[in-house]
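Take a look at the structure below.
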Amino acid sequence: MASLIYDFTFEENRNLKDGYFYTIFANTFETIVSRIFKVAVLFSKLIIAETKQLSFN
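Residue numbers in the sequence shown follow the working numbering, run continuously in steps of one, and reach 62 at the last position.
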């Protein structure tokens, strides 16, 4: 009986750790993707502004 309880708690702890690491990874990944997206948007705005300025000159 004691070994059964131990196995269950060990399994639960492992699942919690996996979930915790997954959450950290997902949050980090989301942050990286959003930053890349923001940089891409800024670059596209810069390129559009440059082309407009060139066409006016």
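C-beta: ideal position from N, C-alpha, C; glycine also.
Can you give the Cα-Cα distance for residue i and residue j, rounded to whole angstroms?
i   : j   : result
I37 : A31 : 10 Å
A45 : Y27 : 27 Å
E55 : L47 : 12 Å
A29 : K50 : Inspection of the sequence shows that residue 29 is occupied by Ile rather than by Ala. Spanning the two alpha carbons is a distance of roughly 32 Å.
Does the ligand SAM have a heavy atom nearer than 6 Å to the CB of residue i?
i   : result
T33 : Judged by which ligands are present, the structure shown has none, so any question about the ligand SAM falls away.
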